[in-house]
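**Student:**
Residue numbers (our numbering), protein chains in the order written: chain A, 5 to 259; chain B, 914 to 1284.
1. Check the Cβ of residue 63(A) against every Cβ in chain B and list those closer than 7 Å, keeping chain order.
2. To the nearest angstrom, how far is it from the Cα of residue 970(B) to the Cα of residue 943(B)?
3. In angstroms with no decimal places, state the Cα-to-Cα distance between residue 1158(B) and residue 1172(B).
4. When you check each C-beta in the stretch 1060-1082 of chain B against every C-beta of chain A, which residues fall closer than 8 Å?
5. Grouping DSSP H, G and I as helix and E and B as strand, with all else coil, what is residue 969(B)?
6. Could you check if residue 232(A) is buried or exposed, using at least 16 other CB atoms within 10 Å of its CB as the buried criterion?
7. Per the contact definition of three or more C-beta pairs closer than 8 Å, is the stretch 199-208 of chain A in contact with the stretch 34-51 of chain A?
8. Does the stretch 1185-1196 of chain B come close enough to the stretch 982-998 of chain B to have 3 or more Cβ pairs within less than 8 Å?
9. State the Cα-Cα distance for the pair residue 935(B) and residue 947(B), rounded to the nearest angstrom.
10. Leaving out the 5 sequence neighbours to the left and right, which residues in its chain are closer than 6 Å to residue 1021(B) when beta-carbon positions are compared?
11. Rounded to whole angstroms, how far is the Cβ of residue 958(B) from the Cβ of residue 1254(B), which I believe are closer than 8 Å?
12. Since residue 895(B) is in the beta strand (DSSP E), which residue starts that stretch and which ends it?
13. Give the residues of chain B in contact with residue 172(A), contact being defined as C-beta atoms less than 7 Å apart.
14. Can you pull the chain B residues whose beta carbon is under 7 Å from the beta carbon of residue 110(A), in chain order?
15. Anything in the stretch 238-250 of chain A with a Cβ closer than 8 Å to a Cβ of chain B? List those residues in chain order, please.
16. What residues in its chain sit with their C-beta under 6 Å from that of residue 92(A), if we drop five residues either side in the sequence?
17. How should residue 245(A) be labelled, buried or exposed, when 16 other C-beta atoms within 10 angstroms of its C-beta is the threshold for buried?
18. So if DSSP puts residue 1117(B) in a beta bridge, which residue, or which two residues, is it bridged to?
19. Have a look at 130(A), 175(A), 237(A) and flag the residue whose alpha-carbon is nearest the alpha-carbon of residue 76(A).
20. Excluding five sequence neighbours on each side, which residues of the same chain lie with their C-beta closer than 8 Å to the C-beta of residue 1033(B)?
21. Skipping 5 residues on each side, what residues in its chain have a beta carbon closer than 8 Å to that of residue 1278(B)?
22. Might you give, ordered along the chain, the residues of its own chain that have their beta carbon closer than 8 Å to the beta carbon of residue 64(A), omitting 5 neighbours on each side?
23. Could you have a look at residue 127(A) and say whether DSSP puts it in helix, strand or coil?
24. Which residue from 188(A), 166(A), 191(A) puts its Cα closest to that of residue 179(A)?
25. Please state if the CB of residue 103(A) and the CB of residue 1160(B) are separated by a distance shorter than 7 Å.
26. Would you mind telling me which residues of chain B sit closer than 7 Å to residue 166(A), beta carbon to beta carbon, in chain order?
27. Is there at least one Cβ from chain A nearer than 7 Å to residue 1156(B)'s Cβ?
28. So, with DSSP's three-state summary, where would you put residue 237(A)?
29. Which word fits residue 5(A), buried or exposed, when buried means at least 16 other C-beta atoms lie within 10 angstroms of its C-beta?
30. With a threshold of 7 Å between beta-carbons, can residue 158(A) be considered close to chain B, or not?
31. State the Cα-Cα distance for the pair residue 210(A) and residue 30(A), rounded to the nearest angstrom.
32. Can you tell me whether residue 252(A) sits near the ligand NAP, meaning its C-beta is under 6 Å from at least one heavy atom of the ligand?
33. Residues in the stretch 1170-1193 of chain B with C-beta within 8 Å of chain A's C-beta atoms, listed in sequence order?
34. Spell out whether any CB of chain B is found under 7 Å from the CB atom of residue 116(A).
35. Determine, using beta carbons only, whether residue 207(A) comes closer than 7 Å to chain B.
36. Roughly how far, in whole angstroms, is the beta-carbon of residue 988(B) from the beta-carbon of residue 1011(B), given that I think they are within contact range, below 8 Å?
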């Protein structure tokens, strides 16, 4: 079980009801409690694949899974008795552009629990503190929990979004280029946080930065044109790739 | 050495100046028109609000409803003008005077409290109805329904509805709300379109209409502003960043939770802007309320002689636009002028007050909900 928390089998996905496939038969096993990085040039389908994992693509009318299955914890997530809302409580997501709600820091973190009907003040307080500590933000914001989240710096806002995600205690956290809008110092903090979070969560991260993938991930998948070119431990991918394409891409000689 | 950048006189320069001045003059024309309208109305109307002796404010104008104004001369050629009620007392008090050239002018005496209150109630009830239906419909249109051909046709027809002349809405309101809307009553009228028993009670559900009433007028006005409100609300819902929705869904929120907590609150400033547009349109409409809600003469104020909410809603009211319309039919007469201009000035101030209120509310919310 541990080695196959998320299993993709021959997954095909289309944005236009099956006319053209954006993802063309991807087969991957993502292990638990590790950081798995998706790398590849823009438009290769890695973000799309990430959004398949919590069925975020359901929000697009013309999106369609054309073939294959996604199993998380052994359960096919497109089975008829699966509610995408329940799924998303277990598979959280952090977005490219940090997007805290224009509410207080406290309300942002408590959002997920509140919509699940949690009203008990002390439970919420506890969860907010645990999540903010978990995202290494507690010491910076503990004195101003009631102030607007938009007063934080970009890096802090992104860590707040991570805190908001871990507040509902998901199994998996999906991160879609979480550092692309951040400066190097904020990036370092978020990366440090990701390394820390690996102990409790399974993390899948899409990134454009080779260095980031090599620094924080345990396994790396290289995508090109909707297909997985190579998937292996990060060490192997970066030091001894078996495909010429992979080597070209990570060494910057691509295209 | 000659200047290489020297100004060259020529056609381009002249065209430049011509376009600049024509644009500028067009702008000035608009400003001039606005200044003329406002200064004319306020200069002639505002004096009606005040009087020469203490307490300097013309309280009668704000605390009385319009009454018939009697104008006459006595045998010495002195002119009198007072409300008909006062005139009747005056004859009794002065039997020696001869009455020459008595004229009774409708709605030109007294004050404007009745129409003011009527317009206020019409606008408030109309906006409650219109905002509830309009916001609900725009949420459905922008969040729930897809983008199919049928939807774009529905959208187009909503937009087209905005261009329908107000007299058409008036006739629609007259037919549907005044003559056909259902009421629950013990004694149905003979001319009701359809009557049936109401649940298990002894009353009847009778489709006999609400008559010329506050409720019928408000509903007619509400239907008239719905297109404006729906279009503007939809736009402001769409303007809420996609990131808020995605973040909310990613935390396991249902669609309604997402709309309720992370879309609607941030669209409220836009909704309020829409309601400003709505209010200014609704408050000024004359045709719809003329057929469905108002009468020019009414002795009681809206809150007098009512038994319960239903009788409050189904009473007819006076309204400022209709009052002004009634006054405008008089030939230019010195005796009517204070009432004419006073009513118009008060009307303008009322509408501007409504708009200002929602604008202030919007700005406060916008500061709170900036992103």
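Idealized CB from N, CA, C, for every residue including glycine.
Only a predicted model underlies this, so the values are computations on that prediction, with no experimental measurement involved.
**Tutor:** Per the coordinate set shown:
1. 1162
2. 34 Å
3. 8 Å
4. 1060
5. coil
6. buried
7. yes
8. Because the criterion of three Cβ pairs below 8 Å is not met, the stretch 1185-1196 of chain B and the stretch 982-998 of chain B do not touch.
9. 19 Å
10. Counting only Cβ-Cβ distances below 6 Å, and skipping sequence neighbours, we find 982, 1249, 1252.
11. Contact between residue 958(B) and residue 1254(B) holds: their C-beta atoms lie close to 4 Å from each other, under 8 Å.
12. Residue 895(B) is absent from the structure shown; chain B starts at 914 and stops at 1284.
13. Chain B residues near residue 172(A): 1164, 1165.
14. Those within 7 Å of residue 110(A) in chain B number zero; the least Cβ separation is about 15 Å.
15. Correct list: empty, as no residue qualifies.
16. 58
17. buried
18. 1098(B), 1110(B)
19. Nearest C-alpha to residue 76(A): 175(A).
20. 1263
21. The residues 1181, 1182, 1185, in chain order, have a CB closer than 8 Å to that of residue 1278(B) in the same chain once the five nearest residues on each side in sequence are set aside.
22. 19
23. helix
24. Measuring C-alpha to C-alpha distances from residue 179(A) to each of 188(A), 166(A), 191(A) identifies 166(A) as the nearest.
25. yes
26. In chain order: nothing, as chain B lies at least about 12 Å away.
27. yes
28. Strand, per DSSP.
29. At residue 5(A) the pLDDT is 43, less than 50, meaning the model places this residue with poor confidence; the figure from the coordinates comes in the next sentence. Flag for residue 5(A) reads exposed.
30. no
31. Near 16 Å, if we compare the C-alpha coordinates of residue 30(A) and residue 210(A).
32. For the ligand NAP, the structure offers nothing, since it holds no ligand at all.
33. So the close ones are 1170, 1174, 1175, 1179.
34. yes
35. no
36. With 8 Å as the limit, residue 988(B) and residue 1011(B) qualify as a contact, their Cβ atoms being about 4 Å apart.
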